[in-house]
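J.: Note that numbering that gives the first Met the number 0 has the sequence shown beginning at 0, numbered continuously upward. The structure that follows is given in the form of structure tokens.
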Amino acid sequence: MLSSIAKNITPSATCELEGVVADLRAAGVDVIGMNAGEPGFDTPENIRELCKRALDEGKTRYVNVPGIAALREAVCEKLERDNGVIYEPSQICVSTGAKQALNNAVMAVVNRGDEVIIPMPGWVSYVEIVKLAGGVPVCVDTKEDFQLDISAVEKAVTPKTAAIIINTPNNPTGAVYTRESLEKLAGLAVEHDFYIISDEVYEKLIYNGKVHECVASFSEEAYNHTILINGMSKAFAMTGWRCGYTAAPAEIAAGISAIQGHTTSNGTTFVQWASVEALRHNEESVKEMVAEYARRKDYAYGRLTSMEGITCANVDGAFYLLPDVSHYFGKKYGEREIRDSFDLCSYILEEAHVAIVPGGAFRAPGCVRIAYTNSMEKIAEGMDRMERALSKLG
Ligand code: PMP
Ligand code: GLU
Numbered sequence: 000m001l002s003s004i005a006k007n008i009t010p011s012a013t014c015e016l017e018g019v020v021a022d023l024r025a026a027g028v029d030v031i032g033m034n035a036g037e038p039g040f041d042t043p044e045n046i047r048e049l050c051k052r053a054l055d056e057g058k059t060r061y062v063n064v065p066g067i068a069a070l071r072e073a074v075c076e077k078l079e080r081d082n083g084v085i086y087e088p089s090q091i092c093v094s095t096g097a098k099q100a101l102n103n104a105v106m107a108v109v110n111r112g113d114e115v116i117i118p119m120p121g122w123v124s125y126v127e128i129v130k131l132a133g134g135v136p137v138c139v140d141t142k143e144d145f146q147l148d149i150s151a152v153e154k155a156v157t158p159k160t161a162a163i164i165i166n167t168p169n170n171p172t173g174a175v176y177t178r179e180s181l182e183k184l185a186g187l188a189v190e191h192d193f194y195i196i197s198d199e200v201y202e203k204l205i206y207n208g209k210v211h212e213c214v215a216s217f218s219e220e221a222y223n224h225t226i227l228i229n230g231m232s233k234a235f236a237m238t239g240w241r242c243g244y245t246a247a248p249a250e251i252a253a254g255i256s257a258i259q260g261h262t263t264s265n266g267t268t269f270v271q272w273a274s275v276e277a278l279r280h281n282e283e284s285v286k287e288m289v290a291e292y293a294r295r296k297d298y299a300y301g302r303l304t305s306m307e308g309i310t311c312a313n314v315d316g317a318f319y320l321l322p323d324v325s326h327y328f329g330k331k332y333g334e335r336e337i338r339d340s341f342d343l344c345s346y347i348l349e350e351a352h353v354a355i356v357p358g359g360a361f362r363a364p365g366c367v368r369i370a371y372t373n374s375m376e377k378i379a380e381g382m383d384r385m386e387r388a389l390s391k392l393g
């Protein structure tokens, strides 16, 4: 019989949908993907070359659980250069993706029954990661513009609060948190002594001159209350490589490495060598990708907001838009009624062969998540198809 942990876990809606899309494509259906939270580019060549070289040089064995020294040093350089925070290599643990880094971090600071605050709409995995660690997720709404609602966070704090998980730039909203709100959050974390688990994987994907604020850099107290999460997937188009990391106060970092030592051991060795190259030599390729995402975002935003009944916040980060499509709830296609975001996304997938993610999966029930990572041509065709399918609802 399944354990209660396994029974209580909701499978990842984003990962499941990828599976459905892959099956449809294998069956010959021409699906346009605007679902996956994954860069629409190949991994830059210098990173691939470095990986091949690492394989040829025999970098194929076990290494230290928290990662090779060269990568932990490169991470420290990156954190100082980009984020203004100083960490020692001993405070870094390299993991199999930021997803594992998040699981490690939560397991390292959450006791059974402890509460973890999660701003919503939020990424599908946070609630489940907290549940896996035996913690209690406490979801709080963000403001209408998807910025942190500090007074809602403050109201949610109790003596059992162990942490808050924040994500800026945000999946699925695209919001970039302001320095002011993060300073207030840091104040709350210090006052009530809880951790900020700060997921910064979309840090580089930021537009319109907005700046990513790293909460750990605000003060020594903020630093001591933060576990920083980042990774290679989003910035360097390396989702399949599975490389992420935590940077944390020394005691927490040791706990994280101990946990990882009994789960996966070290992250893949030759991927770590390639990641050193990514962190040191890829500023230009990141800039090019970001400029292209900005173009795609403006186009997708323009198309969505010109569709009947759709409203959308024009946000500044990540590669997602979260339009409100509730105008279409209650409408019908023949006998088929669209009751919610799940129904609408199934309808659009079946009718238009366009994959988008139901907002319901992120606790944004009136919305759908559109990833603008696909090529401009595919986004244009996807929007055409979606618009035609929506116009058939009455
Ligand atoms: N955090 C957020 C907000 C994400 O969207 C993702 C995407 N999968 C991750 C963490 C995990 O990234 P990865 O495991 O690929 O490094
Ligand atoms: N984070 C991406 C998404 O939200 C990839 C899938 C996942 O890991 O959830 O689509």
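The beta-carbon is built from N, C-alpha and C at its ideal position, and this holds for glycine as well. Computed from a predicted model, the values in this text were never measured in an experiment.
Skipping 5 residues on each side, what residues in its chain have a beta carbon closer than 8 Å to that of V285?
T.: The residue labelled residue 285 in the question sits at position 286 within the sequence shown. These residues qualify, in order along the chain: K203, A234, F235.
J.: Following a CB-centred definition, is N234 positioned closer than 8 Å to any heavy atom of the ligand GLU?
T.: On the sequence shown, position 235 is the one that residue 234 refers to. Strictly speaking, residue 234 in this sequence is Ala, with Asn absent from that position. It does not: the Cβ of A234 is nowhere closer than 8 Å to a heavy atom of the ligand GLU.
J.: To the nearest angstrom, how far is it from the Cα of M119 to the Cα of A312?
T.: As a first step, residue 119 is located in the sequence shown; it is residue number 120 there, counting from the start. As a first step, residue 312 is located in the sequence shown; it is residue number 313 there, counting from the start. Distance between the alpha carbons of M119 and A312: 15 Å.
J.: Is it the case that the stretch 185–197 contacts the stretch 140–148, given that we only count it when at least three CB pairs across the two stretches are under 8 Å?
T.: No: the two stretches stay apart, fewer than three of their Cβ pairs being nearer than 8 Å.
J.: Where do the N-terminal and C-terminal ends of the alpha helix (DSSP H) with D55 fall, by residue?
T.: Here the question's residue 55 lines up with position 56 in the sequence shown. Its alpha helix (DSSP H) spans residues 44–55.
J.: Hey, would you say I116 sits closer than 9 Å to I149, going by beta carbons?
T.: Residue numbering aside, residue 116 sits at position 117 when the sequence shown is read from its first letter. Residue numbering aside, residue 149 sits at position 150 when the sequence shown is read from its first letter. In this structure, I149 does not lie closer than 9 Å to I116 by Cβ.
J.: Rounded to a whole number of angstroms, what is the C-alpha to C-alpha distance between P171 and S124?
T.: Taking the sequence shown and counting its residues from 1, the one referred to as residue 171 is at position 172. Taking the sequence shown and counting its residues from 1, the one referred to as residue 124 is at position 125. The alpha-carbon atoms of P171 and S124 are separated by roughly 12 Å.
J.: Any chance you could list the residues with Cβ under 5 Å from a heavy atom of the ligand GLU, keeping chain order?
T.: Answer in sequence order: T13, G36.
J.: To the nearest angstrom, how far is it from the Cα of R279 to the Cα of V270?
T.: The sequence position of residue 279 within the sequence shown is 280, counting from 1. The sequence position of residue 270 within the sequence shown is 271, counting from 1. Going from the Cα of R279 to the Cα of V270 covers about 14 Å.
J.: Excluding the 5 residues flanking R71 on each side, which residues of the same chain have their C-beta closer than 6 Å to its C-beta?
T.: The count along the sequence shown starts at 1 and reaches residue 71 at position 72. Excluding positions up to five away in sequence, the list reads P88, I91.
J.: With a threshold of 6 Å on Cβ separation, who are the neighbours of M382 within its own chain once the five nearest residues in sequence on each side are excluded?
T.: The residue you call residue 382 lines up with position 383 of the sequence shown. Within the same chain, M382 has close Cβ partners R302.
J.: If you draw a straight line from the alpha carbon of A388 to that of A68, how long is it in whole angstroms?
T.: Residue numbering aside, residue 388 sits at position 389 when the sequence shown is read from its first letter. Residue numbering aside, residue 68 sits at position 69 when the sequence shown is read from its first letter. C-alpha separation (whole angstroms): 53 Å.
J.: Cα-Cα, which of E219, G208, V275, H224 is closest to G230?
T.: Translated into positions along the sequence shown, residue 230 becomes position 231. The residue with the shortest Cα to Cα distance from G230 is V275.
J.: Cβ of A132 within 8 Å of any heavy atom in the ligand PMP?
T.: As a working note, residue 132 is residue 133 in the sequence shown. For the ligand PMP, not one heavy atom lies less than 8 Å from the Cβ of A132.
J.: Any heavy atom of the ligand PMP inside 8 Å of the beta-carbon of S197?
T.: On the sequence shown, residue 197 is found 198 positions in, with the first residue counted as 1. No, the Cβ of S197 stays beyond 8 Å of every heavy atom of the ligand PMP.
J.: Mark T157 as exposed unless 16 or more other C-beta atoms lie within 10 angstroms of its C-beta, in which case mark it buried.
T.: On the sequence shown, position 158 is the one that residue 157 refers to. Under this definition T157 is an exposed residue.
J.: Does the stretch 174–191 come into contact with the stretch 206–224, if we say contact requires no fewer than three beta-carbon pairs (one atom in each stretch) closer than 8 Å?
T.: At 8 Å Cβ cutoff, the stretches touch.
J.: Just confirm the distance between the C-beta atoms of N103 and S216, as a whole number of angstroms; I'd bet it's less than 8 Å.
T.: Position 104 of the sequence shown, counting from 1, holds the residue named residue 103. Position 217 of the sequence shown, counting from 1, holds the residue named residue 216. About 22 Å separates the two Cβ atoms, so there is no contact after all.
J.: Beta strand (DSSP E) containing R241: first to last residue?
T.: Position 242 of the sequence shown holds residue 241. From DSSP, R241 is part of no beta strand (DSSP E); its letter is neither H nor E.
J.: Work out the CA separation of I85 and T95 for me, nearest whole Å.
T.: Translated into the one-based positions of the sequence shown, residue 95 becomes position 96. Translated into the one-based positions of the sequence shown, residue 85 becomes position 86. If you take the alpha carbons of T95 and I85, they lie about 23 Å apart.
J.: Should D140 go down as buried or exposed, given a rule of 16 or more other Cβ atoms within 10 Å for buried?
T.: On the sequence shown, position 141 is the one that residue 140 refers to. With fewer than 16 Cβ atoms within 10 Å of its Cβ, D140 is classed as exposed.
J.: Measure the Cβ-Cβ separation of T268 and W240 and say whether it is below 9 Å.
T.: Taking the first residue of the sequence shown as position 1, residue 268 is located at position 269. Taking the first residue of the sequence shown as position 1, residue 240 is located at position 241. No. Outside cutoff.
J.: Let me know the secondary structure DSSP gives M288 once reduced to three states.
T.: Numbered from 1 along the sequence shown, position 289 holds the residue referred to as residue 288. Helix.
J.: Is the beta carbon of A293 within less than 8 Å of some heavy atom of the ligand PMP?
T.: Reading the sequence shown from its first residue, position 294 is the one you call residue 293. Checking the Cβ of A293 against the ligand PMP gives no.
J.: If you scan the stretch 117–181 from start to end, which runs of the beta strand (DSSP E) of 3 or more residues do you find wholly inside it?
T.: Segments of the beta strand (DSSP E) lying fully in the stretch 117–181: 135–140, 160–166.
J.: Mind checking which residues open and close the alpha helix (DSSP H) that includes Y346?
T.: Position 347 of the sequence shown, counted from the start, is the residue given in the question as residue 346. Taken as a continuous stretch (DSSP letters only), the alpha helix (DSSP H) holding Y346 covers 340–351.
J.: Taking C-alpha atoms, which residue in E349, F318, P136, L348 lies nearest to E37?
T.: Numbered from 1 along the sequence shown, position 38 holds the residue referred to as residue 37. The shortest Cα separation from E37 among E349, F318, P136, L348 belongs to F318.
J.: Using a Cβ-Cβ cut-off of 6 Å (strictly less than) and excluding sequence neighbours within five positions of Y332, which residues of its own chain qualify?
T.: Here residue 332 corresponds to residue number 333 of the sequence shown, with the count starting at 1. For Y332, where only same-chain residues beyond five positions count, the Cβ hits under 6 Å are K391, L392.
J.: To the nearest whole angstrom, what separates the beta carbons of V189 and A221, a pair I think is in contact under 8 Å?
T.: The sequence position of residue 189 within the sequence shown is 190, counting from 1. The sequence position of residue 221 within the sequence shown is 222, counting from 1. Correct: roughly 7 Å between the Cβ atoms.
J.: I'd like the span of the beta strand (DSSP E) that includes C92, first residue to last.
T.: As a position in the sequence shown, residue 92 is number 93, starting the count at 1. Note, C92: beta strand (DSSP E), 91–94.
J.: Just how far apart, CA to CA, sit A354 and L184?
T.: Residue mapping note: residue 354 aligns to position 355 of the sequence shown, counting from 1. Residue mapping note: residue 184 aligns to position 185 of the sequence shown, counting from 1. The straight-line gap from Cα to Cα measures roughly 36 Å.
J.: Run through DSSP, which three-state label would C213 get?
T.: Locating residue 213 in the sequence shown gives position 214, counting from the first residue. Three-state DSSP puts C213 in coil, outside helix and strand.
J.: Return the first residue and the last residue of the alpha helix (DSSP H) that N82 is part of.
T.: Within the sequence shown, residue 82 is the residue found at index 83, counting from 1. Unbroken alpha helix (DSSP H) run through N82: 68–82.
J.: The ligand PMP heavy atoms versus the CB of M231: any closer than 8 Å?
T.: Here residue 231 is taken as the residue at index 232 of the sequence shown, counted from 1. True, at least one ligand heavy atom lies under 8 Å from that Cβ.
J.: To the nearest angstrom, report how far apart S264 and V200 are at their CA atoms.
T.: Here residue 264 is taken as the residue at index 265 of the sequence shown, counted from 1. Here residue 200 is taken as the residue at index 201 of the sequence shown, counted from 1. The alpha-carbon atoms of S264 and V200 are separated by roughly 22 Å.
J.: Spatial neighbours of K58 within its chain, please: CB distance less than 7 Å, with the 5 preceding and 5 following residues excluded, ordered by chain position.
T.: Position 59 of the sequence shown holds residue 58. Only T268, F269, W272 meet the Cβ criterion.
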